[in-house]
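*Asks:*
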Amino acid sequence: QKEVEQNSGPLSVPEGAIASLNCTYSDRGSQSFFWYRQYSGKSPELIMFIYSNGDKEDGRFTAQLNKASQYVSLLIRDSQPSDSATYLCAVNGDTNAGKSTFGDGTTLTVKP
Amino acid sequence: DARVTQTPRHKVTEMGQEVTMRCQPILGHNTVFWYRQTMMQGLELLAYFRNRAPLDDSGMPKDRFSAEMPDATLATLKIQPSEPRDSAVYFCASGFWTGRNTIYFGEGSWLTVV
Chain A
1 QKEVEQNSGP LSVPEGAIAS LNCTYSDRGS QSFFWYRQYS GKSPELIMFI YSNGDKEDGR
61 FTAQLNKASQ YVSLLIRDSQ PSDSATYLCA VNGDTNAGKS TFGDGTTLTV KP
Chain B
1001 DARVTQTPRH KVTEMGQEVT MRCQPILGHN TVFWYRQTMM QGLELLAYFR NRAPLDDSGM
1061 PKDRFSAEMP DATLATLKIQ PSEPRDSAVY FCASGFWTGR NTIYFGEGSW LTVV
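First to last, the sequence lines map onto chains A and B.
Quick note: the first sequence, position 56, residue 56 per the working numbering, numbers continuous.
To convert a position in the second sequence, counted from 1, into the working numbering, add 1000.
(1) At a Cβ threshold of 8 Å, is A/P10 touching chain B?
(2) Look at the alpha carbon of A/P81 and the alpha carbon of B/P1081, and state the distance between them as a whole number of angstroms.
(3) Short check: CB of B/G1059 to CB of B/L1046, under 8 Å?
(4) Taking DSSP as the reference, what is the three-state secondary structure of A/S82?
(5) What separation, rounded to the nearest whole angstrom, lies between the Cα atoms of B/Y1050 and A/S43?
(6) Could you work out which residues of chain B lie near A/S43, taking near to mean beta carbons separated by less than 8 Å?
(7) When DSSP labels each residue in this structure, what does B/T1009 get in the three-state scheme?
(8) Thinking C-alpha only, which one of A/E5, A/E15, A/L21 and A/S20 is nearest A/S79?
(9) Would you report the Cα separation of A/V13 and B/D1063, rounded to the nearest angstrom?
(10) With a threshold of 16 other CB atoms inside 10 Å of the CB of A/R134, please say whether the residue is buried or exposed.
(11) Can you give me the C-alpha to C-alpha distance between B/E1018 and B/I1079, rounded to a whole angstrom?
(12) Contact check, A/T24 vs A/Y87 under 8 Å by CB: the rounded distance?
(13) Going by other Cβ atoms of all chains shown within 10 Å of its Cβ, with 16 needed for buried, is B/R1036 buried or exposed?
(14) Please list, in chain order, all residues of the same chain as A/T62 whose beta carbon is under 6 Å from its beta carbon, the five residues on each side excluded.
(15) Against chain E, with Cβ distances strictly below 8 Å, would A/S100 count as a contact?
(16) When you compare only the Cα positions, how much space is there between B/E1014 and B/A1075?
(17) Alpha carbon to alpha carbon, how far is A/P10 from B/M1040? Give it in angstroms, no decimals.
(18) Residues of chain B with CB under 7 Å from A/G105, in chain order?
(19) What do you get for A/D104, buried or exposed, if any count of 16 or more other CB atoms within 10 angstroms of its CB means buried?
(20) Taking the alpha carbon of B/P1061 as the reference point, which residue from B/W1034, B/T1073 and B/V1004 has its own alpha carbon closest?
(21) Is B/P1084 helix, strand or coil when you go by DSSP?
(22) If contacts are defined as beta-carbon pairs under 8 Å, then A/Y188 and A/A68 qualify, I think. What distance do you get, rounded to the angstrom?
(23) My understanding is that A/S26 touches A/N92, with C-beta atoms under 8 Å, so please give their C-beta distance in whole angstroms.
(24) Assuming contact is defined by CB atoms lying nearer than 8 Å, are B/S1094 and B/I1026 in contact in what I supplied?
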């Protein structure tokens, strides 16, 4: 079992819809959770981080964390074609001095 | 505009040759990571440093890979000898560890070993 699991997709949504991306992790001691966006041929770019259970909103993005279920998600509202990318979930454990473990990513396509 | 700088951006080399990739972390960041990304394996952590000291290099093939931080402004990843299976994108990332940290990626070094 991988430490961080994501649905590989591809996930396709129409423009204006909500895209929902999911991530589960195996280390119960994990404390910090991140979402990165990676366009094809580019480097990962941080878009959200969340540390506490619940929701965190930033513009059209909402990160949701449930530590009991070891689950973190990213919602993208009013999806735009420019949101088409691979979304990487990353997890830091409290005991590993900040080492970020990444999932394999979910590829999102937003169709006009 | 602070950024992580990596060189070379692209490298094509022959099997058996030595490859050295360099990274300049964001000024003030005390943690540097080396990741490798391939279609098959995704983003894998090779090694990382805090305050120039290596913390974990368990993801790195020890027989051919080495990583160092000769000073706070330079991290290097060396492959000797290189093999075709080393073809990948190598990312350097840096962050400032405070108990929690966000990390920022360089643009990557695209390596092809033929």
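Even for Gly, the Cβ is constructed at its ideal location relative to N, Cα and C.
Quick caveat, the model's predicted, so the values are computed rather than measured.
*Replies:* In terms of the structure at hand:
(1) Here residue 10 of chain A corresponds to residue number 10 of the first sequence, with the count starting at 1. Not flagged as an interface residue toward chain B: A/P10, since no C-beta distance is shorter than 8 Å.
(2) Here residue 81 of chain A is taken as the residue at index 81 of the first sequence, counted from 1. Here residue 1081 of chain B is taken as the residue at index 81 of the second sequence, counted from 1. Going by C-alpha positions, A/P81 is about 43 Å away from B/P1081.
(3) Translated into the one-based positions of the second sequence, residue 1059 of chain B becomes position 59. Translated into the one-based positions of the second sequence, residue 1046 of chain B becomes position 46. Against a cut-off of 8 Å, the Cβ pair of B/L1046 and B/G1059 comes out as a contact.
(4) Numbered from 1 along the first sequence, position 82 holds the residue referred to as residue 82 of chain A. A/S82 falls in the helix class under three-state DSSP.
(5) Start at 1 with the first residue of the second sequence, and residue 1050 of chain B comes out as number 50. Start at 1 with the first residue of the first sequence, and residue 43 of chain A comes out as number 43. For clarity, residue 1050 of chain B is Arg in the given sequence; the question names Tyr instead. Between the alpha carbons of B/R1050 and A/S43 lies a distance of about 22 Å.
(6) In the first sequence, residue 43 of chain A corresponds to position 43, counting from 1. Those are F1091, F1105, G1106, E1107 and G1108, listed as they occur along chain B.
(7) Walking along the second sequence from the start, residue 1009 of chain B turns up at place 9. This sequence places Arg at residue 1009 of chain B; Thr is not what is there. DSSP, read as helix, strand or coil, puts B/R1009 in coil.
(8) Along the first sequence, one-based indexing puts residue 79 of chain A at 79. Closest in alpha carbon position to A/S79, among A/E5, A/E15, A/L21 and A/S20, is A/E15.
(9) Residue mapping note: residue 13 of chain A aligns to position 13 of the first sequence, counting from 1. Residue mapping note: residue 1063 of chain B aligns to position 63 of the second sequence, counting from 1. Here the alpha carbons of B/D1063 and A/V13 stand approximately 45 Å from one another.
(10) No statement about residue 134 of chain A is possible, as the shown extent of chain A runs from 1 to 112 and does not include it.
(11) The residue given as residue 1018 of chain B occupies position 18 in the second sequence. The residue given as residue 1079 of chain B occupies position 79 in the second sequence. For B/E1018 and B/I1079, the distance between alpha carbons rounds to 6 Å.
(12) Along the first sequence, read from residue 1 onward, the residue named residue 24 of chain A stands at position 24. Along the first sequence, read from residue 1 onward, the residue named residue 87 of chain A stands at position 87. Between A/Y87 and A/T24 the Cβ distance is about 14 Å, and since that is not below 8 Å, they are no contact.
(13) For the purposes of this step, residue 1036 of chain B is taken as residue 36 along the second sequence, with counting starting at 1. Of the residues assessed, B/R1036 falls on the buried side of the cut-off, its CB having 16 or more other CB atoms within 10 angstroms.
(14) For the purposes of this step, residue 62 of chain A is taken as the residue at position 62 of the first sequence. These residues qualify, in order along the chain: D55 and L75.
(15) The structure shown contains no chain E; its protein chains are A and B.
(16) Taking the first residue of the second sequence as position 1, residue 1014 of chain B is located at position 14. Taking the first residue of the second sequence as position 1, residue 1075 of chain B is located at position 75. Each residue's Cα considered, the two are about 23 Å apart.
(17) Counted from its first residue, the second sequence places residue 1040 of chain B at position 40. Counted from its first residue, the first sequence places residue 10 of chain A at position 10. A direct Cα-to-Cα measurement between B/M1040 and A/P10 gives close to 16 Å.
(18) Translated into positions along the first sequence, residue 105 of chain A becomes position 105. By Cβ distance, chain B contributes G1042.
(19) The residue you call residue 104 of chain A lines up with position 104 of the first sequence. Flag for A/D104 reads buried.
(20) Residue 1061 of chain B sits at position 61 when you count from the first residue of the second sequence. Closest by alpha carbon: B/W1034.
(21) Indexing the second sequence from 1 puts residue 1084 of chain B at position 84. In the structure shown, B/P1084 sits in a helix (DSSP, three-state: H, G or I).
(22) Missing from the structure shown is residue 188 of chain A; chain A here goes from 1 to 112 and no further.
(23) For the purposes of this step, residue 26 of chain A is identified with residue 26 of the first sequence, where counting begins at 1. For the purposes of this step, residue 92 of chain A is identified with residue 92 of the first sequence, where counting begins at 1. The C-beta distance from A/S26 to A/N92 rounds to 13 Å, too long to meet the 8 Å contact threshold.
(24) Here residue 1094 of chain B refers to the residue found at position 94 when the second sequence is read from its first residue. Here residue 1026 of chain B refers to the residue found at position 26 when the second sequence is read from its first residue. Yes. Within cutoff.
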